[in-house]
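From first to last, the protein sequence lines are chains A and B.
The first sequence begins at 1 in my numbering and counts up by one.
The second sequence begins at 1001 in my numbering and counts up by one.
Don't be surprised by glycine CBs; every beta carbon is placed ideally from N, CA and C.
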Amino acid sequence: MCPKGGRIHRSVAVRRCDSVAWAVAIKVLSRPLPLDHLPMAFNADLLKPTLQAKGSLQPLFSANALMVCGFFGGPFAALWLFGMNSRRAGHGNKDVGILVMGGFLALLCLFGLGALHSEGQIERVAFRLSGLLAGWVLVRLLRDEYAARRLNGIDPAGPWWWGAGAVILGIALEMWTRQLMTAVSQAT
Amino acid sequence: MSAELERHISEASAWLERDRLDRAAEAIARGLALDPNSVELRYLGALLEYERDDFSAAASANDAVLRDAPAHYAARVLAARVARAQTDLARAETIQLELLSDYPADENLLAEYALTVLHGGQFEKASQLSAEALRVNPSCQLALVVLGYIDILREKPVNQQHALQTLLQQNPSARHALNLLAHAQLGAHRPQDAREVAAQLVREQPNDPATLSLARAARLQSHWSMLPLWPLMRYGWGASIALYVLGVVVIRGSREMLSPNWHFALVMLWVSYIIYSWIWPPLLKRWLERGEKS
């Protein structure tokens, strides 16, 4: 639903300022460069490498893909694509807590919906809304990674197969929890 | 070095600074005919390939320069830039940290490293490195551009983007300042203003694909047919969620209040708006692109 087209195009200002910086760099060649001391209060930690583990940046599934999957497949579909994005972003175990917490909240949400015992529109709307909200939060968590890929001119990954898989998984989980809740309520 | 060779080097540098790449290539070719081993000319050849966005050619030409002159400052900087352009950020970082250990208080190198870190999505570190570069030289343009980009990506309001304001105060007609301004206005959902700035940039650089792309984005967002989609452009997915909820509530609530025909019309209006928001922007974008080509 979002036509938000204001993406930062492939490092436009950066490419242009590259030219400016090059003009500066060429001029710099003619003057003595190394100073014998750093400025006061220089934070030496800033010169420790932090990109070595990054490798080359892999494309992520777009924010739109995450939101659409959340809309059709509910919170688990959004969470599934977030997990894949997190792996592609090289976060390692950093996002495990978010995935566990998100999975717990998504299960609560699905059991809550199952407890409604309704086949009607309210349940469907609540399911989709929970997926959209989950997608929105998860996209915000990956904001810097998306920005980095826009700066590097990396297009999003094709979402069709994984997106369809996530939606099917989300819908299957939703149906399973609903059946489970129905069975529980019949047993009690 | 002969005076003629020096003249070719300075001529090629001047053309490169002005983005006149064909003229620069001619000057480099003339210089290399005089001295095929000239490190400076071969370096400028590598820079030319970089400016042409042929990064693998730039990398191999620059590596050859560095084999003959491993301490060549500009070639080392270019090697990091090429690695960054090829999204090999780890290699770019390694080269830049080596450069910074040789030239620890060079504001341009600090800003270059900030840019690489920004490309890696580490906004906080990029911001701190830019601040260090500005402490060494308060008018370091590249550091200001990096900070300006961080402000845009963080979606700061334009009137709180101090780096952009400083850039515009220092050099109001510089291309990089205007570029950043156009992006800031686009990010602040003021496409009409962005369009005017982008038009000026296109007049200066009619063949630059990045500038054309920026102008196209501004034209797309300020097109009259995008006016109905303003809430979605302004508030993004938040507006989409609100539209969905509002649509469901209004349609359900009005079922009893409206006649079936009016209710059907309301549903059709809602669905049409959603379809329009999906279909029209990419179509318009293609149409604008085709208009530019013809």
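Whole-angstrom distance between residue j and residue i, CA atom to CA atom
i                : j                : result
N1207 of chain B : F111 of chain A  : 57 Å
H37 of chain A   : G73 of chain A   : Note that H37 of chain A scores a pLDDT of 41, beneath 50, so its modelled location is shaky; the value from the coordinates is reported in the next line. H37 of chain A and G73 of chain A: Cα-Cα distance of roughly 58 Å.
R253 of chain A  : M175 of chain A  : Summary: the structure shown does not reach residue 253 of chain A, with chain A confined to residues 1 through 188, and so no result is reported for it.
Q1192 of chain B : M1233 of chain B : 14 Å
S1038 of chain B : L1032 of chain B : 7 Å
T50 of chain A   : L1099 of chain B : 16 Å
V1077 of chain B : G1238 of chain B : 42 Å
E1256 of chain B : A1265 of chain B : 14 Å
S30 of chain A   : L1144 of chain B : Confidence is the limiting factor: at S30 of chain A the pLDDT is only 33, short of 50, which leaves the residue's position unreliable and the question unanswerable from this model.
V24 of chain A   : Y1276 of chain B : Confidence at V24 of chain A is low in this model, with a pLDDT of 37, below 50, so the placement of that residue is unreliable and no value is reported for it.
H1008 of chain B : H1223 of chain B : 47 Å
A1111 of chain B : Q1165 of chain B : 18 Å
L1034 of chain B : L1005 of chain B : 7 Å
A1083 of chain B : E1155 of chain B : 28 Å
P156 of chain A  : N85 of chain A   : 10 Å
Residue i: contacting residues in chain A (beta-carbon distance under 7 Å)
i                : result
L1283 of chain B : Here the premise fails: no neighbours, minimum Cβ distance about 11 Å.
L1100 of chain B : L47
L1097 of chain B : L47 and P49
F1122 of chain B : Residue identity check: residue 1122 of chain B is Gln in the sequence provided, not Phe. Residues of chain A passing the Cβ test: T50.
E1049 of chain B : Simply none; closest approach about 13 Å.
L1005 of chain B : Per Cβ cutoff of 7 Å: no residues; L1005 of chain B is ~16 Å from chain A at best.
Buried versus exposed, by CB contacts within 10 Å (16 or more), residue i
i                : result
K1125 of chain B : buried
R1195 of chain B : buried
V68 of chain A   : buried
I1095 of chain B : buried
S1002 of chain B : exposed
D1053 of chain B : exposed
T188 of chain A  : exposed
S1150 of chain B : Reading off the sequence shown, one finds Ile at residue 1150 of chain B, where the question assumed Ser. Its Cβ being crowded by 16 or more others within 10 Å, I1150 of chain B is buried.
D967 of chain B  : Absent from the structure is residue 967 of chain B, since the part of chain B shown begins at 1001 and ends at 1294.
W1278 of chain B : exposed
V184 of chain A  : exposed
Q179 of chain A  : exposed
M1226 of chain B : buried
V193 of chain A  : Residue 193 of chain A falls outside the range modelled here, since chain A spans only 1 to 188, and no answer is possible.
R149 of chain A  : buried
H1162 of chain B : exposed
Q121 of chain A  : exposed
R1290 of chain B : exposed
V28 of chain A   : Model confidence at V28 of chain A stands at a pLDDT of 36, short of 50, so the residue's coordinates are unreliable and nothing is read from them.
D1106 of chain B : buried
W1015 of chain B : buried
L35 of chain A   : Because the pLDDT of L35 of chain A is 38, which lies under 50, any placement of that residue in the model is unreliable, and the number read from its coordinates should be weighed accordingly. Exposed is the call here.
R140 of chain A  : exposed
I1028 of chain B : buried
Residue i: first and last residue of the uninterrupted alpha helix (DSSP H) it sits in
i                : result
W1230 of chain B : W1230 to G1253
A1079 of chain B : Y1073 to A1085
N1037 of chain B : Premise fails: N1037 of chain B is in no alpha helix (DSSP H) and is neither H nor E.
C69 of chain A   : A63 to R88
E1155 of chain B : Counting along the chain, E1155 of chain B falls outside any alpha helix (DSSP H), and DSSP gives it neither H nor E.
Q1185 of chain B : R1175 to G1187
E1256 of chain B : First-last for E1256 of chain B: undefined, no H or E at that position.
A1090 of chain B : L1089 to D1102
S1127 of chain B : F1123 to V1136
T177 of chain A  : W160 to A187
W1015 of chain B : A1003 to E1017
D45 of chain A   : Element bounds for D45 of chain A: n/a, residue is neither H nor E.
A1224 of chain B : The sequence shown places Trp at residue 1224 of chain B, not Ala. No alpha helix (DSSP H) holds W1224 of chain B; DSSP gives it neither H nor E.
T1166 of chain B : H1162 to Q1170
L151 of chain A  : R143 to L151
P1191 of chain B : P1191 to E1204
H1119 of chain B : E1107 to H1119
N1062 of chain B : F1055 to D1068
Residues that residue i contacts on chain B, provided the C-beta gap is smaller than 8 Å
i               : result
L129 of chain A : I1241, Y1244 and V1245
Under 7 Å by beta carbon: chain B residues contacting residue i
i               : result
V125 of chain A : V1248
L46 of chain A  : K1125, Q1128, L1129 and E1132
Chain-ordered chain A contacts of residue i [CB-CB under 8 Å]
i                : result
T1087 of chain B : S56, L57, N152 and I154
V1117 of chain B : T50 and L51
Within chain A, the residues that residue i reaches when beta carbons sit closer than 9 Å
i                : result
H1263 of chain B : Within 9 Å Cβ-Cβ: nothing; H1263 of chain B doesn't reach chain A, min ~15 Å.
Q1192 of chain B : Chain A residues near Q1192 of chain B: none, gap ~13 Å exceeds 9 Å.
H1162 of chain B : Per Cβ cutoff of 9 Å: no residues; H1162 of chain B is ~16 Å from chain A at best.
E1093 of chain B : P49, T50, L51, Q52 and K54
L1227 of chain B : Within 9 Å Cβ-Cβ: nothing; L1227 of chain B doesn't reach chain A, min ~12 Å.
L1258 of chain B : Residues of chain A passing the Cβ test: none, with the nearest at roughly 17 Å.
Tell me which residues of the segment 48-81 of chain A have at least one Cβ-Cβ distance to chain B shorter than 9 Å, keeping chain order. K48, P49, T50, L51, Q52, A53, K54, G55, S56, L57, A63, N64, M67 and F71
Got a sec: which bits of the segment 143-160 of chain A sit with their beta carbon under 9 Å from any beta carbon on chain B, in order along the chain? In summary, the residues of the segment 143-160 of chain A whose CB is separated from some CB of chain B by less than 9 Å are R143, D144, E145, Y146, A147, A148, R149, R150, L151, N152, G153 and I154, in the order they occur in the chain.
Could you list the residues in the segment 81-109 of chain A with a C-beta less than 7 Å from some C-beta on chain B, going in chain order? none
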